[in-house]
Ligand code: NAD
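In our numbering, the protein residues as written are 1027 to 1506.
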């Protein structure tokens, strides 16, 4: 692939692409074959600090850049990502495994954050008021938070980066990005694209590493860093929050999920099956928004179960670069082992297989699209599944469904299918989740606030809220 050869594989520190000091490199593999794609520089604590040196040097002038300049730059980046959508899609498929059609979807979704925040960059305002006693004037203004550390996961290699980088650019923050070690290439290619459309040196620095646990803590202790934004697992998020307390950093946490998908007794079953397919199978089930628990009213459970199982059984597995493939491999052996373990545990406790149930022999980390029924309160409904497995449980009343849905420490996405608006409102108002999809299996949209409650974290990405994560409020009292 020509484009792969053009992707930088060094560390972006200031204006330079460079090697790690210890000259270490690590291999990036294709999860469909286990074959190496290329290798990239393996940065450590020294490179992280060098990146922060550049970010903090660039911060003042970057914050002073006219909003229109930052807006135009984001728009130029959007146009360029769209123009090179096929290249980015192929790169995502190669390093992450999802089918090309889905990678194209991620490129469109990821690019939308660039367009959305190019529009938001010129709309940052403040307030002006008389104090209640009339003796002073109250002016509020917004300042960029400052140098920001961004840590992203492997499951959406482009979108998880643009969802953070675009609002930071719009707000005037400089950045150090640490992409996931499984999928660093898309982030590196995107960083090169940003430089090519005029992003000044030092505004975005990218350090790839296999040694995050060693390389990140010195950065979090450095007083020049002002914010941490993390997307990844709850366990790592919790650890990072503790480390970030030393410098009292502003924090945004986009963590794990355990989404319920409720099919009420009056649901349109066609829509519910189509919605469940999307909510479950997007990204091969490896999405924080993935429907992990399908909760179906007992009156429609058999019909829903058999139609959903038929749709899952019809999915074609294979390497994502094949246009006839619907479902790619899981990211690695560890991920597949975890899915296998959760399925075995559920089966041992009385769940039944409607379709699938096993890992595939041979190369790549494939697992059959699987539907389980008669699933109770097992590990599979408590832990984040991250695979193409749908556990179905049944309920009798809406109250019971809501109680089951909320019985998790997570609170990211949830879904409800019904045709009765007052029932829908009753359920929506009582669901303890940051996002609810009503009669639809996808909630992500650049114009909407993405984020969770409870152990799924806090902070919002996208929407009018997204830029606020990168701004702090300054109040000025003015005597007239
Ligand atoms: P992960 O927590 O293992 O890794 C996420 C990132 O953190 C990676 O870049 C990784 O290298 C880094 N990391 C790991 N240990 C670290 C440490 N000790 N110090 C600093 N950085 C460290 O998660 P993952 O497996 O890459 O991604 C899957 C998880 O991400 C799932 O739990 C999923 O739900 C979550 N996720 C959440 C959202 C959201 O918006 N809420 C979106 C996508 C993924």
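Ideal Cβ positions, reconstructed from N, Cα and C, are used throughout, including at glycine.
So residue i packs on residue j, CB below 8 Å; how close in whole Å?
i            : j            : result
residue 1317 : residue 1287 : 4 Å
residue 1290 : residue 1442 : 7 Å
residue 1228 : residue 1084 : 3 Å
residue 1436 : residue 1282 : 6 Å
residue 1101 : residue 1149 : That pair is no contact at about 14 Å.
residue 1108 : residue 1137 : 6 Å
residue 1460 : residue 1279 : Contact flag wrong, Cβ pair sits at about 11 Å.
residue 1315 : residue 1481 : Not confirmed; about 15 Å, so no contact.
Does the distance from the C-beta atom of residue i to that of residue j stay below 8 Å?
i            : j            : result
residue 1263 : residue 1483 : yes
residue 1444 : residue 1292 : yes
residue 1186 : residue 1357 : no
residue 1075 : residue 1244 : yes
residue 1472 : residue 1139 : yes
residue 1070 : residue 1241 : yes
residue 1188 : residue 1068 : no
residue 1465 : residue 1308 : no
residue 1467 : residue 1338 : no
residue 1371 : residue 1406 : yes
residue 1073 : residue 1118 : no
residue 1246 : residue 1203 : no
residue 1400 : residue 1376 : yes
residue 1330 : residue 1295 : yes
residue 1321 : residue 1427 : yes
residue 1272 : residue 1254 : no
residue 1414 : residue 1434 : no
residue 1103 : residue 1220 : yes
residue 1116 : residue 1216 : no
residue 1311 : residue 1411 : yes
residue 1212 : residue 1114 : yes
residue 1173 : residue 1037 : no
residue 1153 : residue 1504 : no
residue 1193 : residue 1394 : no
Distance check for residue j and residue i, CA to CA, integer angstroms please.
i            : j            : result
residue 1352 : residue 1341 : 6 Å
residue 1206 : residue 1179 : 5 Å
residue 1129 : residue 1403 : 34 Å
residue 1398 : residue 1418 : 6 Å
residue 1034 : residue 1183 : 15 Å
residue 1135 : residue 1143 : 13 Å
residue 1324 : residue 1366 : 27 Å
residue 1048 : residue 1082 : 24 Å
residue 1267 : residue 1233 : 20 Å
residue 1057 : residue 1274 : 38 Å
residue 1369 : residue 1386 : 14 Å
residue 1132 : residue 1151 : 31 Å
residue 1097 : residue 1439 : 30 Å
residue 1198 : residue 1190 : 12 Å
residue 1350 : residue 1384 : 22 Å
residue 1124 : residue 1156 : 56 Å
residue 1326 : residue 1195 : 49 Å
residue 1431 : residue 1362 : 26 Å
residue 1054 : residue 1252 : 31 Å
residue 1493 : residue 1344 : 39 Å
residue 1506 : residue 1165 : 12 Å
residue 1478 : residue 1429 : 18 Å
residue 1409 : residue 1474 : 27 Å
residue 1424 : residue 1490 : 33 Å
residue 1389 : residue 1147 : 46 Å
residue 1042 : residue 1450 : 53 Å
residue 1006 : residue 1066 : Residue 1006 falls outside the range modelled here, since the chain spans only 1027 to 1506, and no answer is possible.
residue 1265 : residue 1348 : 39 Å
residue 1360 : residue 1099 : 40 Å
residue 1064 : residue 1120 : 11 Å
residue 1448 : residue 1469 : 21 Å
residue 1059 : residue 1032 : 22 Å
residue 1159 : residue 1214 : 55 Å
Taking 7 Å as the cut-off, does the CB of residue i come closer than this to any heavy atom belonging to the ligand MG?
i            : result
residue 1281 : You won't find the ligand MG in this model; what it holds is the ligand NAD.
query = Can you list the beta strand (DSSP E) stretches of 3 or more residues lying completely in the region 1038-1068, in chain order?
reply = With a minimum length of 3 residues, the unbroken runs of beta strand (DSSP E) contained wholly in the region 1038-1068 fall at 1042-1044, 1051-1055, 1062-1067.
request  = May I have a chain-ordered list of the beta strand (DSSP E) segments no shorter than 3 residues that lie completely inside the region 1137-1212?
outcome  = Entirely contained in the region 1137-1212, the beta strand (DSSP E) runs reaching 3 residues are, in chain order, 1153-1156, 1163-1170, 1174-1177, 1201-1204.
message = For a minimum of 3 consecutive residues, which ranges assigned as the beta strand (DSSP E) are wholly contained in the region 1403-1464?
response = Counting only runs of 3 or more, we get 1415-1421, 1439-1443, 1461-1464.
Segments of 3+ residues assigned as beta strand (DSSP E) that fall wholly inside the region 1325-1413 = Here the runs fully enclosed are 1378-1381, 1396-1399.
query = What are the uninterrupted segments assigned as beta strand (DSSP E) that are 3 or more residues long and contained completely in the region 1252-1330, given in chain order?
reply = Annotation note: the region 1252-1330 contains the following uninterrupted beta strand (DSSP E) runs of length 3 or greater, listed N- to C-terminal: 1253-1257, 1276-1280, 1285-1289, 1317-1323.
ask   = Hey, which unbroken runs of the alpha helix (DSSP H) at 4 residues or more fall wholly within the region 1069-1113?
value = Qualifying alpha helix (DSSP H) stretches, in chain order: 1071-1090, 1093-1109.
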